[in-house]
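A quick write-up on the structure given underneath.
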Amino acid sequence: MPDSERKNDDVFGARLGRILRTDERCHEDFEKSLVAAIQADHPVERDVGRRSAPTQPSWWLTPITIRLSPLVALPIAAALIAMVAMSTTTLRSTDSIAQPQQVAQIVHDTVSVVRFVFVGEAKTVSLVGDFNAWGARPVEMTPTGGNGAWTVSVPLGSGRHEYAFIVDGKHWVADPLAPTSADEFDTKSSIVNVGT
Amino acid sequence: MTRRRNRVVHVDVRTWTDTDLVAASSSGDVEAFAELSRRYRDTYIRFAVRMLGNHDEAEDVLQSAFIRAYRAIDRCRDPSRFGAWLYQIVANECRTFVTRRARRERRLVRDEFQLNEAAVVSPASEARDTLEDVQYALNQLDVEQREAFVMKYVEELSYEEMAEITGAGISALKMRVKRACSRLREMLEEVHDA
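Heads up: the protein sequence lines correspond to chains A and B, in order.
So the first sequence is numbered by our numbering: it starts at 38 and just counts up by one.
So the second sequence is numbered by our numbering: it starts at 5 and just counts up by one.
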């Protein structure tokens, strides 16, 4: 390539580079979410080596017993649907909120990282599902963006998974925007299909 | 806090070297790995944003790359150069994501909200090409050309550093950069002529 052509490219590239060199920052809870995802990755061993002394995450919630009552669950579900509807018109990135069941699936090997999003007023929100023995190892969600959105990313294997949110440590809430299933006590859970 | 030989030892991982943190992570200390993440995440997020054209997806891909790094940390042969090793994984993850997304969508949809938002923060002195226009043009490039252009002119890496991260030869990288410049110039001139 002639020197003059290369110099032109350098000037042009440097000019675009200045435009593209924006100040980008990760969300402040990035590490909390990362540690949660790594801990939830427990069934998947690292590629090489084994952990000699697995650390116990201090933020795991203790297992909880949830008493379900339609009188409690129905108003919460109705309020949640209303809040989700409001949030889709006000949040900056509506796509990530309007599809709480699987905003992003990033496939690596046989595991996908699935982001769960809950929208609603709460002091704490955790995620339970068949992938963590329904609360034996609940995954704490983190508030994101100050819009009442709570998120967590969890590695899941391919296939169908059922899940629900635990709000304030006691209220069981199915995802209003995902397909649901019910157990023998008519407790609703949500369904996410990974890798299909 | 690290538990060793039945004694609880309080340590400040912020004072540790990368080598120390890699060794601790390798033995299962997730907090040590979180400190590595804190050191490098903001260095790599801009690269991921420019590659993907979207901040939320970039954070997801970065997290996926970091999980992959944690799983494979025993393969980090030179822990003192953990940052360069991590960059390779981030670049691979971005490339894989972009390729899969392109296959899935087969077309790029212009996110009007994001572009309008981006236009507000583009430097006024270079208003002829706004951030929205340049990012849109960048999104149209072949993933290898995009990667080479971003590394060269946004992250300002040397060709030697780019070669180490991508595994490509220097002459191949120079050709990708040249083609990227040509295509970007064409696309941006079309925008201005329109």
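Don't be surprised by glycine CBs; every beta carbon is placed ideally from N, CA and C.
By the 8 Å beta-carbon criterion, what residues does the segment 61–77 of chain B contribute toward chain A? Glu-61, Ala-62, Glu-63, Asp-64, Val-65, Leu-66, Gln-67, Ser-68, Phe-70, Ile-71, Arg-72, Tyr-74, Arg-75, Ala-76 and Ile-77
DSSP state of Ala-52 (chain B) mapped onto helix, strand, coil: helix
Which residues in the same chain as Ser-218 (chain A) place their Cβ atom closer than 7 Å to its Cβ, once the five residues preceding and following it in sequence are excluded? Glu-199, Ser-226 and Ile-228
Looking at chain B, is there any beta carbon in it that lies within less than 7 Å of the beta carbon of Phe-67 (chain A)? yes
Report the rounded CA-to-CA distance for Arg-180 (chain B) versus Phe-49 (chain A), giving the unit in angstroms. 15 Å
I think Val-156 (chain A) touches Ala-201 (chain A), with their Cβ atoms under 8 Å apart; what is that distance to the nearest whole Å? Not confirmed; about 15 Å, so no contact.
Going along the chain, which residues of its own chain have a beta-carbon closer than 7 Å to the beta-carbon of Met-55 (chain B), five neighbours each way excluded? Cys-98, Val-102, Arg-150, Glu-151 and Val-154
Strictly under 7 Å for the Cβ-Cβ distance: is Ala-74 (chain A) near chain B by that measure? yes
In the DSSP assignment, what are the bridge partners of Lys-225 (chain A)? A:Ala-219
Which same chain residues end up closer than 8 Å to Arg-45 (chain B) when comparing Cβ atoms and leaving out the 5 residues on each side of it in sequence? Leu-66 and Phe-70
Nearest chain A C-beta to Trp-20 (chain B) closer than 7 Å, yes or no? no
Nearest-angstrom Cα distance between Asp-66 (chain A) and Val-191 (chain A)? 15 Å
Do we get a CB-CB distance below 7 Å when we pair Val-195 (chain B) with the residues of chain A? no
Proximity below 7 Å, CB of Val-150 (chain A) to CB of Ser-68 (chain B): yes
If we count the other Cβ atoms within 10 Å of its Cβ and call it buried at 16 or more, is Arg-72 (chain B) buried or exposed? buried
Could you name the residues of the same chain whose beta carbon sits closer than 6 Å to that of Ile-169 (chain B), not counting the 5 residues immediately before and after it, in chain order? Tyr-91, Gln-92 and Ala-95
Using a cut-off of 8 Å between C-beta atoms, extract the partners of Ser-70 (chain A) located in chain B. Gln-67
Measure the CB-CB distance between Glu-39 (chain B) and Leu-25 (chain B) and report whether it falls below 7 Å. yes
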